[in-house]
Structure formats: structure tokens, C-alpha cells
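Chemist: Take a look at the following structure, please.
Residue numbers (the working numbering): 1 to 178.
In C-alpha cells, the structure reads:
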């Protein structure tokens, strides 16, 4: 082979074999983006989420107390209704006095039912607000990715603040920290 033919042959062989050693593969699809590194939660975010969680736990105790009181009232009204059904079945329909007494009991029962319904209406906004705040908390805090050392540091701060608060309460003094 002559020089031009040899160099042409070498160029063709080089072009034909060059893609074989390449590290890219043509799939016809765009390359998938690499997952972004985790955005670590800051200590301030951790503090905020833990404080919110504590406040929600306290509010839940209040919601739970309202619910328990409502259930107690409901059970009383339900028992009263059952008692009225029994009295009605045994009612002497020929006695005007018995009918008036029964009607007075029904009137009292209706007042209790109205109070139960008002109690439900009064507690509903409190429960809805709590649920909305809990959903917001979950959206803001449930998926946080944090470093263990950051959480440990925040928890140490909280324990120290609680100990200072307990010591202040025991001594009767109030300390302000800025």
C-alpha cells in the first residue's frame, strides 16, 4: 500500500473502532439527571419543628378533653333517650297526668339534645383548626432530612432549657435569655 492509502485505511479503522472504547451509550433517551444531594435541615428548622410538635401535643390534650366531654354528654343523652322509649312503651295513655309528666321529660330531653348539638358545633372549629395545623406541620416537618449530630445538639439545648426552667421555677426566680 502506498502512503496515502495506508493513512486513509488507518483513519477509517480509527473512526470505526473509536466509538467501541467510548464510555457513552446512545439509547435514544436523554440522560437521567443525577439525584440532587440532600438538603440538610438546619438546626433552626429542627427547633421550629420540635417546638411545633410540642405545642400540637399540648393542643391535642385539649382537643381530647373536649372530645371526651362531648362523648360523656352524648352517652347521657343517649341513655336518657333509651329511658324515654321505655317509659313511652309503659305509658298509661288514659292518664292525663302521666302524659303531662312524660311530655315534660321529653321537653327536658330535647333541651339536652340541643345542648349536645351546640357542644358539637362549638368544638368543631377547634378540632378543624388543630387538624389543619397538624397537616401543615406534617408537610413542613415530616420529610426533613437532618444530620444526627444536629438533632443531638438541638435535643441537648432543649434539655438544658428545660433544666433551667425547672430550676427557675423551684427557686421562684425568672431568668430571661437572649
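We put the beta carbon where it would ideally sit given N, CA and C, even for glycine.
To the nearest angstrom, how far is it from the Cα of residue 76 to the Cα of residue 70?
Modeler: Cα to Cα, the separation comes out at about 10 Å.
Chemist: Restricting to Cα atoms, I'd like to know which of 94, 51, 110, 118 is closest to residue 66.
Modeler: Considering only alpha carbons, the answer is 118.
Chemist: How long is the line joining the alpha carbons of residue 113 and residue 131, rounded to whole angstroms?
Modeler: Answer to the nearest angstrom: the Cα atoms are 26 Å apart.
Chemist: Near residue 171, which residues of its chain fall below 6 Å by C-beta distance, leaving aside the five closest residues on each side in sequence?
Modeler: If we look at residue 171 and ignore the five residues flanking it on each side, it has no Cβ neighbours.
Chemist: In terms of DSSP beta bridges, what is residue 145 paired with?
Modeler: Answer is 40.
Chemist: Can you look up residue 91 in the DSSP assignment and give me helix, strand or coil?
Modeler: Three-state result, residue 91: coil.
Chemist: List the whole-angstrom C-beta distance separating residue 50 from residue 154, where the pair is believed to meet the contact cut-off of C-beta under 8 Å.
Modeler: About 7 Å separates the two Cβ atoms, so the contact holds.
Chemist: So which of 47, 39, 42 has the shortest CA-CA distance to residue 159?
Modeler: Considering only alpha carbons, the answer is 47.
Chemist: Just mark residue 41 as buried or exposed, buried being the case when its beta carbon has 16 or more other beta carbons within 10 Å.
Modeler: Buried, because 16 or more other Cβ atoms sit within 10 Å of the Cβ of residue 41.
Chemist: What is the DSSP secondary structure of residue 81, reduced to helix, strand or coil?
Modeler: Of the three classes helix, strand and coil, the one that applies to residue 81 here is helix, per DSSP.
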